[in-house]
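Colleague:
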Amino acid sequence: RKEVEQDPGPFNVPEGATVAFNCTYSNSASQSFFWYRQDCRKEPKLLMSVYSSGNEDGRFTAQLNRASQYISLLIRDSKLSDSATYLCVVNRGYSTLTFGKGTMLLVSP
Amino acid sequence: EPEVTQTPSHQVTQMGQEVILRCVPISNHLYFYWYRQILGQKVEFLVSFYNNEISEKSEIFDDQFSVERPDGSNFTLKIRSTKLEDSAMYFCASSLDRVDYGYTFGSGTRLTVV
Chain A
-9 RKEVEQDPGP FNVPEGATVA FNCTYSNSAS QSFFWYRQDC RKEPKLLMSV
41 YSSGNEDGRF TAQLNRASQY ISLLIRDSKL SDSATYLCVV NRGYSTLTFG
91 KGTMLLVSP
Chain B
568 EPEVTQTPSH QVTQMGQEVI LRCVPISNHL YFYWYRQILG QKVEFLVSFY
618 NNEISEKSEI FDDQFSVERP DGSNFTLKIR STKLEDSAMY FCASSLDRVD
668 YGYTFGSGTR LTVV
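Just so you know, the protein sequences line up as chains A and B, in that order. Following our numbering, the numbering of the first sequence begins with -9 at its first residue and continues without gaps. Following our numbering, the numbering of the second sequence begins with 568 at its first residue and continues without gaps.
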């Protein structure tokens, strides 16, 4: 099983749609979970941390299920500017992160 | 907003040559990292650095690689004898406190080995 596995994508959605990304991780000792966003040939940028109780930031909602080692990201009311690759990221050790390969989102007018 | 600065943005080098990639982390951050991303693949951890020494490194970070913090601001990655497969985007990152709050990444150096 891969350390961090994501939907392969790409997801093509119209503006205004709701889209969900799924992610599973293999290391049950992981304690920190994140969603990053990466635009084409740019650096990853932290979108949000993911907490056990679930958390929301505007149109973005993240959920964590430790029992099933599953993380999700929901984007509501998609904008053209949301087009990017979404990276599921989990801590691997004391200070390191393991990245999923990412799921590309394309939002069309 | 504070940022991590990397130079150069693009470097082309011949196989077998040494390269040094430079980074200026955010000034009050304590943890420094190098990651790389081969085109079309996932971001991979190389090395983390804290308190002037390597704290963790991956299997990719072999004897060809070294890191240094030569002064109070710069953080460098040296590749001694580059191979074609070292061609990738190299990202520097820094964080205030371990991994708990995520990192800030620099904009990367695209290394092309020919």
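No residue lacks a Cβ here, since even glycine has one placed at the ideal position from N, Cα and C. No experiment lies behind these values; they were computed from the predicted model shown.
(1) With respect to the beta strand (DSSP E) encompassing Ile65 (chain A), which residues constitute its N-terminal and C-terminal limits?
(2) Does the beta carbon of Thr14 (chain A) sit closer than 8 Å to a beta carbon anywhere in chain B?
(3) How many Å lie between Thr75 (chain A) and Val(-6) (chain A) at the Cα?
(4) With a threshold of 8 Å between beta carbons, is Glu623 (chain B) in contact with chain A?
(5) Mind checking Cys30 (chain A): buried by the 16 CB within 10 Å criterion, or exposed?
(6) Quick check: what's the CA-CA separation for Ser58 (chain A) versus Tyr41 (chain A)?
(7) Would you report the Cα separation of Tyr602 (chain B) and Phe658 (chain B), rounded to the nearest angstrom?
(8) Just to confirm the assignment, what range does the beta strand (DSSP E) spanning Asp47 (chain A) have?
(9) According to the neighbour-count rule (16 or more other Cβ atoms, all chains shown, within 10 Å of its Cβ), is Gln21 (chain A) buried or exposed?
(10) Grab the span of the beta strand (DSSP E) containing Met38 (chain A) for me, first residue to last.
Modeller: Reading it off the structure:
(1) For the purposes of this step, residue 65 (chain A) is identified with residue 75 of the first sequence, where counting begins at 1. Per DSSP, Ile65 (chain A) belongs to the beta strand (DSSP E) from 60 to 65.
(2) Numbered from 1 along the first sequence, position 24 holds the residue referred to as residue 14 (chain A). So, not an interface residue.
(3) The residue you call residue 75 (chain A) lines up with position 85 of the first sequence. The residue you call residue -6 (chain A) lines up with position 4 of the first sequence. If you take the alpha carbons of Thr75 (chain A) and Val(-6) (chain A), they lie about 15 Å apart.
(4) Taking the first residue of the second sequence as 1, we reach residue 623 (chain B) at position 56. For Glu623 (chain B), the answer is yes, since a Cβ of chain A falls inside 8 Å of its Cβ.
(5) As a first step, residue 30 (chain A) must be located in the first sequence, where it is residue number 40. By the 10 Å Cβ count, Cys30 (chain A) comes out exposed.
(6) Within the first sequence, the letter at position 68 stands for residue 58 (chain A). Within the first sequence, the letter at position 51 stands for residue 41 (chain A). Cα to Cα, Ser58 (chain A) sits roughly 15 Å from Tyr41 (chain A).
(7) Walking along the second sequence from the start, residue 602 (chain B) turns up at place 35. Walking along the second sequence from the start, residue 658 (chain B) turns up at place 91. Approximately 5 Å between the Cα atoms of the pair.
(8) Residue numbering aside, residue 47 (chain A) sits at position 57 when the first sequence is read from its first letter. According to the DSSP assignment, Asp47 (chain A) belongs to the beta strand (DSSP E) that extends over 45 to 47.
(9) Looking up residue 21 (chain A) in the first sequence gives position 31. With fewer than 16 other Cβ atoms within 10 Å, it is exposed.
(10) Translated into positions along the first sequence, residue 38 (chain A) becomes position 48. Start and end: 34 to 39.
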